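A.B. asks:
Residue numbers (full-length UniProt numbering): 1 to 384.
#1: From this set, 367, 110, 350, which residue's C-alpha is nearest residue 378's C-alpha?
#2: Would the C-beta of residue 131 count as close to the ligand MG, meaning under 7 Å from any of its heavy atoms?
#3: So residue 369 and residue 293 are supposed to be a Cβ contact under 8 Å. How far apart are they, rounded?
#4: Across which residues does DSSP place residue 116 in a beta bridge pair?
#5: Using the Cβ count rule (16 or more neighbours within 10 Å means buried), how would you classify residue 236?
#6: DSSP on residue 206, reduced to helix/strand/coil?
#7: Would you report the Cα separation of residue 380 and residue 336, rounded to the nearest angstrom?
#8: Taking the Cβ atom as the reference point for each residue, do residue 393 and residue 177 lie within a distance shorter than 8 Å?
#9: Taking the alpha carbon of residue 402 as the reference point, which residue from 347, 174, 140, 108 has its own alpha carbon closest?
#10: Just to confirm my understanding: we take residue 245, look at its own chain, exclude 5 residues before and 5 after, and list those with CB closer than 8 Å. What are they?
#11: Along the chain, where does the alpha helix (DSSP H) that runs through residue 298 open and close?
#12: Can you tell me whether residue 35 is buried or exposed, with buried defined as 16 or more other CB within 10 angstroms of its CB?
#13: From residue 290 to residue 312, what distance separates their C-alpha atoms?
#14: Just checking my contact of residue 67 with residue 155 at CB under 8 Å: how many whole Å lie between their CB atoms?
#15: Check this for me: beta carbons of residue 77 and residue 158, under 8 Å apart or not?
#16: Since residue 147 is in the alpha helix (DSSP H), which residue starts that stretch and which ends it?
#17: Which same chain residues end up closer than 8 Å to residue 126 when comparing Cβ atoms and leaving out the 5 residues on each side of it in sequence?
#18: Quick check on the DSSP output: the alpha helix (DSSP H) that includes residue 152 runs from which residue to which?
#19: Looking only at its own chain, which residues have a Cβ that is under 6 Å from the Cβ of residue 307, when we skip the five neighbours before and after it?
#20: Keeping to the same chain, check which residues put their C-beta closer than 8 Å to that of residue 123; ignore five residues upstream and five downstream.
#21: Could you give the first and the last residue of the continuous alpha helix (DSSP H) run that contains residue 349?
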């Protein structure tokens, strides 16, 4: 819900009109046994971490885009992992940095299947590279039987680092690792043939994910500088390629030290599409006020029915509603008038405990943004 504020802040900085941030802290950061100076900014966005200003990209940067099924899963995997981190590493105390221990080669090998000696030889790999976390496919049975027995469970591994300032330096003091797991396994019977689906149950995903987490922890404990750093591992269930809502994290465990994880703790989060059968069945009250909004929007455009809502539930309570309204408009006055109408409907129809974000888009791109945070009377409105 703070996306609009980040964009606004960025725009102000680019134009050079922002007030100077005072009391930024210079710290010494070690990387690959070399020291460099970074800055911890004084300003901090609500519900977020400060990041070091001497940006050091993740060593596996870019892989998440190719490994996850949709932009919805990509965004939620990143932001959801930060929410997990906040339960262990307070944003008031810790500074965020992208992961510096899992590089592209390491992640790539971990995402492989386990291979037989013959399969290793076929692929030109060495035995020490046979570290895939996905199950071995022994090739026995039909293609359907092979994929049903041994689907690809693990889609991606993401690392985040959390540092604490100590006098004039920063020290790695926490690591959070997300394991993205497939709720749907895709496979082909022929190299360029049709794609088939094999659904994977949550219970099976959870069991396999926990086994993988134990192995990931042992491997990370063997990495330089990771022997006694608290490590959190969280499991994320990603949706299928055609879903229009993201997946969610559903459990996590913590290892303060050593190579064993503590008890697994449930994460009660999920996304629900509005309107949908799930919303009708399990969230009828929330669907009622959403439909009132949708009906009034469509009254403005009698032949239009393209309003899509995505509700975010935490601990059984709807806390965020993001709505996309694609429109066909040709004049600035039309955009202004419609945006004003939509803003008034948000005030009228949505309860004030709920964060609401409405994006109005046309074939030309983003036209307007309306944001009303929980507890606020007046929404923020921006027309591009």
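Ideal Cβ placement from N, Cα and C applies to all residues, glycine included. No experiment lies behind these values; they were computed from the predicted model shown.
C.D. replies: Let's see:
#1: Reading the chain shown from its first residue, position 378 is the one you call residue 378. Looking at the Cα atoms, 350 is the closest of the given residues.
#2: As presented, the structure is devoid of all ligands, the ligand MG included, so that no description of it is given.
#3: By one-based count along the chain shown, residue 369 stands at place 369. By one-based count along the chain shown, residue 293 stands at place 293. Between residue 293 and residue 369 the Cβ distance is about 16 Å, and since that is not below 8 Å, they are no contact.
#4: As a first step, residue 116 must be located in the chain shown, where it is residue number 116. DSSP lists no bridge partner for residue 116.
#5: Translated into the one-based positions of the chain shown, residue 236 becomes position 236. When all chains shown are included, residue 236 counts as buried.
#6: Sequence index remark: in the chain shown, residue 206 carries index 206 (1-based). Reduced to three states, the DSSP call for residue 206 is helix.
#7: In the chain shown, residue 380 corresponds to position 380, counting from 1. In the chain shown, residue 336 corresponds to position 336, counting from 1. The straight-line gap from Cα to Cα measures roughly 14 Å.
#8: What is shown of the chain runs 1 to 384, which leaves residue 393 out entirely.
#9: The displayed coordinates of the chain run from 1 to 384. Any statement about residue 402 would go beyond what the structure contains.
#10: On the chain shown, residue 245 is found 245 positions in, with the first residue counted as 1. Here the set comprises 72, 239, 271, 272, 273, 310.
#11: Position 298 of the chain shown holds residue 298. First-last of the alpha helix (DSSP H) with residue 298: 284-300.
#12: Taking the first residue of the chain shown as position 1, residue 35 is located at position 35. With a pLDDT of 49 at residue 35, under the threshold of 50, the modelled position of that residue is not reliable, and no figure is offered here.
#13: In the chain shown, residue 290 corresponds to position 290, counting from 1. In the chain shown, residue 312 corresponds to position 312, counting from 1. C-alpha separation (whole angstroms): 13 Å.
#14: Your numbering for residue 67 matches position 67 in the chain shown. Your numbering for residue 155 matches position 155 in the chain shown. So it is a contact: roughly 5 Å between Cβ atoms.
#15: The residue given as residue 77 occupies position 77 in the chain shown. The residue given as residue 158 occupies position 158 in the chain shown. Yes, these two residues count as a Cβ contact at 8 Å.
#16: Taking the first residue of the chain shown as position 1, residue 147 is located at position 147. Here the alpha helix (DSSP H) through residue 147 covers 143-149.
#17: The count along the chain shown starts at 1 and reaches residue 126 at position 126. The residues are 120.
#18: As a first step, residue 152 must be located in the chain shown, where it is residue number 152. Neither: residue 152 is in no alpha helix (DSSP H) and is coded neither H nor E.
#19: Residue numbering aside, residue 307 sits at position 307 when the chain shown is read from its first letter. Closer than 6 Å at the Cβ level, and outside the excluded window around residue 307, lie 294, 297, 325.
#20: Counted from its first residue, the chain shown places residue 123 at position 123. The beta carbon of residue 123 sits closer than 8 Å to the beta carbons of 115 from its chain, once the five residues preceding and following it are set aside; these are given in chain order.
#21: One-based indexing of the chain shown puts residue 349 at position 349. Element bounds for residue 349: 332-349.
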